[in-house]
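There are 2 protein chains.
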Amino acid sequence: MLAIAFIQDLAVLMLAAGLVTVLCHRLQQPVVLGYIVAGFLIGPHSPPFVLISDEQSIRILAELGVIFLMFGLGLEFRLRRLLRVGPTAILAAFFEIVLMIWLGYQLGHLFAWSDMDALFLGAILAISSTTIIVKALGDLKMKHERFAQLIFGILIVEDVLGIGLVALLSGIAASGTVATAEVLATLGKLLLFMLVSLLLGLLLVPRILAYVARFGSDETLLITVLGLCFGFCLLVIKLDYSMVLGAFLIGAIMAESRQLAQIERLVEPLRHMFSAIFFVAIGLLIDPAVLRDYAWPIAAISLAVVLGKLLTCGVGAFVTGNDGRTSLRVGMGLAQIGEFSFIIAALGVKLEVTSDFLYPVAVAVSAITTLTTPYLIRAADPLARQLAAAMPAHVAGVFGAYGTWLRNIRQPGQHALLAALIRRSLLHAIINLALVAAIFLGGGYFAAPIDLWLDQWLPQPNLHKALIWGAALLLSLPLLLAAYHRLKALSLLLAELGGHSSRTRRVRRALSELIPLLTLGSFLPLLAALSSSILPPREWLLIIGLLAAVLLALLWRWFVRVHRQLHSALQETLDPHEPPES
Amino acid sequence: MLAIAFIQDLAVLMLAAGLVTVLCHRLQQPVVLGYIVAGFLIGPHSPPFVLISDEQSIRILAELGVIFLMFGLGLEFRLRRLLRVGPTAILAAFFEIVLMIWLGYQLGHLFAWSDMDALFLGAILAISSTTIIVKALGDLKMKHERFAQLIFGILIVEDVLGIGLVALLSGIAASGTVATAEVLATLGKLLLFMLVSLLLGLLLVPRILAYVARFGSDETLLITVLGLCFGFCLLVIKLDYSMVLGAFLIGAIMAESRQLAQIERLVEPLRHMFSAIFFVAIGLLIDPAVLRDYAWPIAAISLAVVLGKLLTCGVGAFVTGNDGRTSLRVGMGLAQIGEFSFIIAALGVKLEVTSDFLYPVAVAVSAITTLTTPYLIRAADPLARQLAAAMPAHVAGVFGAYGTWLRNIRQPGQHALLAALIRRSLLHAIINLALVAAIFLGGGYFAAPIDLWLDQWLPQPNLHKALIWGAALLLSLPLLLAAYHRLKALSLLLAELGGHSSRTRRVRRALSELIPLLTLGSFLPLLAALSSSILPPREWLLIIGLLAAVLLALLWRWFVRVHRQLHSALQETLDPHEPPES
């Protein structure tokens, strides 16, 4: 009977996990590591017993573990915080990820691994482990120090870039090549998809959750949350993205709802249970023979992780104006790999593009660097003092001058305010235009089924194209209008900067009309390229254009109102309630 | 890829469940019913789409649903409350279950179903639905009225009897016959197993949980709880009992720990998620063709459930001294079947002893009686008034006199106190002797592996038996001693009742020594019968007996102390902290 085998596996797994988490608490080691060890002990590679009989079922539950892990990460993510983390986090994270991928790739080639193995190794080394860091900083009681806040900022950016990395790797693994154009197209589509899901999600999901929460039933809220989570993951899978992305995005969207605290309380036990299964399932895969055969690469990679992260993150933090001690602590804190690496390694196994040894190697490196993390953090201060003492005076002077200079040019003033205004207008315009692009891309995506459906009444294919394209344009009109308004405001602002004399007044007015129209005009060919599959012939385009112009003239005010309502609904979700940030 | 099919199934299931629970809240209907309907709608029997592709995985998760449902029921169960529910609950529940099984069995034969189908139908009708009743009473805001308390008491007894029923049905289905002796043996072993698990569990589990809780980590506590829960379920399955029993027992044991509130908070989301899957999976099985073909039986059975439960529970409540109105309300409240019926029906399917139509019929009857429950409860008061008005005066007088008489003989007094004292001593003696029986049964159960192990050193089989039997006796000595003490106290008490004159003093003393020794003496043959497989030859028995006597004489005090410590540890778990009873 399958069911009994399954219950037996679960019982063995949970008992082992339970024992091990108690042991880890006694020995003050991270629980994650304990789970992996427990998995190894009950797994097929450790004598004397084979305790797990139905690995397939456990692996399915482990997939749920990935979903709940990423969903939980999303719930802890704050969109607003991302906008606020500042240059340190963004620069350090970007710098780190690019360099670590390069380092991993080079290391892989050094070991004479295949191209794909080397690439995945790079990706595996790129992202640090939120779980381990939070645990280590908590244990050391350093969670609220400044460098810890910097680390959390970097982790947020890392999560976003990591999500992109997973999507990118899936694409590269599918096509087998690393063509720049393709990578850019994949990235562009990914960004567009994330933008559209975020905007639609932020408009819809918090309202759904608020409605459901009114019934006052934990059960109903939880089932709705799970329905939305799995439903969105399914959608993401159907669009050929990784469900990692889906779970993270829907988590980030729900994080902006007013029911966040309640949702976290309800989802936490599920995350505990399934992530335990996930980490134990990782342990099941460890083969000691592989570890023995790859002892040298594991040692080299572990060293590369520690040194690479220390350098990239430390330099990133220093360049953006932190003192040497803080930079060193940031670098030391981030010097490990964890759950994201497992997910990327699992992706390679699932897509069947990496060799069998990569997963256990990643697990071993993660185990080693997890163990070293607390010692590294504790060693940062003494090391900083020694470095400062050993450094020649004039070098220290140069470094100090750099910091002073950076703090000087960052003085806030009128310019900063103006820059913020410009940035905001530009952002709004870009978002609106991106949405328009998404609408036309979506039209192309759904053209085939719509075509089939329309064929029943209208047999002319050109008319279909015209209808789909026209509908897309109709949907886009409020967005185009909004983009136009934003661009006009922006160009007015820029024109004002030029001076206030009455002589240039006419020029300024002309400029403020021309710039938005020119921008939109240059956007149209791009749109045509994006929607080439549904682009109707020229004569149809002309008719559609005329119709759109008439509609625009007639419904201008209504369009503006619709857009303003959507915009303020979004603002409402993002602004009024500041949940306590931990 | 299996994993994607699984995620898709989960997504469809959760989305459907989410939609339906929102709808149920709007329409003020029980969510359970909604889940079943959702399951039917996405299931294989409802056009136009087949939305669930991997039913096997869903069914495995539904098994987890059963575990979490019963575990949750156990957590809400209070051993102490069971000891306090009083005669109404015990009598009404027992009366109801026996009569409903008989009624279902007769109905099954009336429809010309097979013996096994009829028997399972009886069992399906026997137990009312805690979930539905709690929901209905909550909706009607009647949870705190007296009749509701009576209903909850009956439900507690029903749960215990239902657990026994499941074990019994498994036994009957395995042997294929309903031999009285076998049924009694099965029941006896079951009771013994429950007793031993409860006592050992109460000694160990709360201490383990208290130890783990000290780490202050929700994750560690949850994983430990799950490990204990699944581990105990596994043990129970290995002993050929149903995991329903295991989940309920371990839940009831954990309900006595100080971490109960925390455990409930952590386990609740898991229960919500998996019980939703369980109920939706029930809906998947509904075939409308079966419902059409069996419309008449379904109608008849539904009527039988309502009338049968109304009569049995109502009469049970009235006989034990409640007024007519309360009795009627109790009967009306319990007039439905629910989750236990599904578990019993699923048991029949799993053991392959019932026909395919039984499960959908049970689901349909549950759906109908669930819908009628709130109306019945609301109809109880008007009906009671009409009945009272229509009743001839002398009949009403007889009923009234019965109630008065019953209340009179229940006056508490010195006799009641004495009776409680006697009951307590008797209970302790019986528990100790039952534990001794369990030790010897366990010795027989584990004799084979011990034999094999001992063979390495000692090749004489008789010596093995002597060793095992002797070890069992050694373990039993403190318990036997305790039983002796309890029986002696009891007989002293009884002797005192005979009078205080000095003439009878010697007789009384002799009696108080004789009764315990005689009782223990008559227990020994039973013990020998229970342990027949490990009973050594007579000469060995003599030696063992002598050794035991010597040991007893030497270690009397130590044995008494050990037993007292265990006893007070158990008391400590059960007594000091009264958790708030809801």
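First to last, the sequence lines map onto chains A and X. Just so you know, the working numbering puts 69 at position 88 of the first sequence, and the rest follows in order with no gaps. Just so you know, the working numbering puts 258 at position 277 of the second sequence, and the rest follows in order with no gaps. Note that beta-carbon positions come from the ideal geometry of N, C-alpha and C, so glycine has one too.
Practice prompt. Over the uninterrupted alpha helix (DSSP H) stretch that includes A/Trp434, give me the two end residues.
Written response: Ala428 to Leu435
Discussion item. Using C-beta distances below 6 Å, list every residue in its chain close to A/Ala194, excluding the 5 sequence neighbours before and after it, in chain order.
Written reply: Leu202 and Gln240
Worksheet item: With 9 Å set as the bound, which would you pick, yes or no: does the beta-carbon of A/Arg246 sit closer than that to a beta-carbon of chain X?
Response: yes
Worksheet item: So X/Leu80 packs on X/Thr293, CB below 8 Å; how close in whole Å?
Response: 5 Å
Fill in: Helix, strand or coil at X/Phe75 [DSSP, three-state]
helix
Worksheet item: Are at least three pairs of beta-carbons, each pair with one atom in the segment 317 to 327 of chain X and one in the segment 102 to 109 of chain X, less than 8 Å apart?
Response: yes
Item to complete: Could you pull out every unbroken alpha helix (DSSP H) segment of at least 4 residues lying fully inside the segment 14 to 47 of chain A, listed in chain order?
Response: none
Practice prompt. Look at the alpha carbon of A/Asp199 and the alpha carbon of A/Arg246, and state the distance between them as a whole number of angstroms.
Written response: 10 Å
Item to complete: Please name the residue in X/Thr335, X/Ile234, X/Ile431 and X/Ala464 whose C-alpha comes closest to that of X/Leu416.
Response: Residue nearest to X/Leu416 within the set X/Thr335, X/Ile234, X/Ile431 and X/Ala464 is X/Ala464 (criterion: CA-CA distance).
Practice prompt. Measuring only between beta-carbons, confirm whether A/Thr205 sits less than 9 Å from chain X.
Written response: yes
Fill in: Bounding residues of the alpha helix (DSSP H) (the contiguous stretch that carries A/Phe259)
Leu241 to Leu265
Worksheet item: Are X/Gly297 and X/Ile135 touching if we call contact CB-CB under 9 Å?
Response: Result yes, Cβ atoms of X/Gly297 and X/Ile135 sit closer than 9 Å.
Worksheet entry | Three-state secondary structure (DSSP) of X/Val543 | helix
Worksheet item: Closest to A/Leu91 by CA distance: which of A/Tyr426, A/Ile279 and A/Val541 is it?
Response: A/Ile279
Discussion item. Taking 9 Å as the threshold (beta carbon to beta carbon), is X/Gly(-1) in contact with chain A?
Written reply: yes
Fill in: Span separating the alpha-carbon of X/Pro560 from that of X/Glu553
Below a pLDDT of 50, predicted positions are generally treated as unreliable, and X/Pro560, at 47, falls in that range; no measurement from the model is reported.
Worksheet item: In angstroms, rounded to a whole number, what distance separates the CA positions of X/Gly312 and X/Val115?
Response: 15 Å
Item to complete: Using only alpha-carbon positions, find the residue among A/Leu460, A/Leu118 and A/Leu448 that is nearest to A/Leu522.
Response: A/Leu448
Discussion item. Just checking: is the beta-carbon of X/Ala257 within a distance shorter than 9 Å of some beta-carbon in chain A?
Written reply: yes
Item to complete: Could you name the residues of chain X that A/Met254 contacts, counting a contact when the two beta carbons are closer than 8 Å?
Response: Scanning chain X for C-beta atoms nearer than 8 Å to the C-beta of A/Met254 yields Leu203, Ile204, Leu207 and Leu251, reported in chain order.
Item to complete: Could you tell me whether the segment 453 to 470 of chain X touches the segment 370 to 382 of chain X, using the rule of 3 or more Cβ pairs below 8 Å?
Response: no
Practice prompt. Can you tell me which of the three DSSP states A/Gly302 falls into?
Written response: coil
Worksheet item: Rounded to a whole number of angstroms, what is the C-alpha to C-alpha distance between X/Ile17 and X/Thr301?
Response: 37 Å
Worksheet item: How should X/Met(-18) be labelled, buried or exposed, when 16 other C-beta atoms within 10 angstroms of its C-beta is the threshold for buried?
Response: Low per-residue confidence applies at X/Met(-18): pLDDT is 43, beneath 50, and the placement is therefore not dependable enough to give any value.
Worksheet item: Would A/Leu(-4) count as contacting chain X if we go by Cβ distances under 9 Å?
Response: Yes - at least one Cβ of chain X is within 9 Å of the one on A/Leu(-4).
Item to complete: Report all residues from its chain with a CB closer than 6 Å to the CB of A/Ile496; omit the five preceding and five following residues, and keep chain order.
Response: Taking A/Ile496 as the centre and dropping the five residues before and after it, the same chain places the C-beta of Ser472 closer than 6 Å to its C-beta, in chain order.
Worksheet item: Nearest chain A C-beta to X/Met587 closer than 9 Å, yes or no?
Response: The question about residue 587 of chain X has no answer, for chain X in this structure spans -18 to 563.
Worksheet item: So is A/Ile652 in contact with chain X if we call contact Cβ pairs under 9 Å?
Response: The structure shown does not extend to residue 652 of chain A, since chain A is modelled only from -18 to 563, so the question has no answer here.
Practice prompt. Answer yes if the segment 511 to 521 of chain A comes into contact with the segment 412 to 429 of chain A, meaning at least three C-beta pairs across the two stretches below 8 Å, and no otherwise.
Written response: yes
Discussion item. Give me the chain A residues within the contact set of X/Val261, using Cβ-Cβ distance strictly less than 8 Å, ordered along the chain.
Written reply: Those within 8 Å of X/Val261 in chain A number zero; the least Cβ separation is about 10 Å.
Worksheet item: Should X/Gln334 be flagged as near chain A, meaning a C-beta pair shorter than 9 Å?
Response: For clarity, residue 334 of chain X is Val in the given sequence; the question names Gln instead. X/Val334 does not count as touching chain A.
Worksheet item: Which residues, in order along the segment 4 to 35 of chain X, keep a beta-carbon less than 7 Å from a beta-carbon of chain A?
Response: His6 and Val12
Worksheet entry | Where the alpha helix (DSSP H) containing X/Gly319 begins and where it ends | Run containing X/Gly319: none; DSSP gives neither H nor E here.
Worksheet item: Using a Cβ-Cβ distance under 9 Å, would X/Phe380 count as near chain A?
Response: Judged by the 9 Å Cβ criterion, X/Phe380 is not in contact with chain A.
Practice prompt. Find out if the Cβ-Cβ distance for the pair X/Leu266, X/Gly89 is shorter than 9 Å.
Written response: Their beta carbons are not under 9 Å apart, which means X/Leu266 does not touch X/Gly89 by this criterion.
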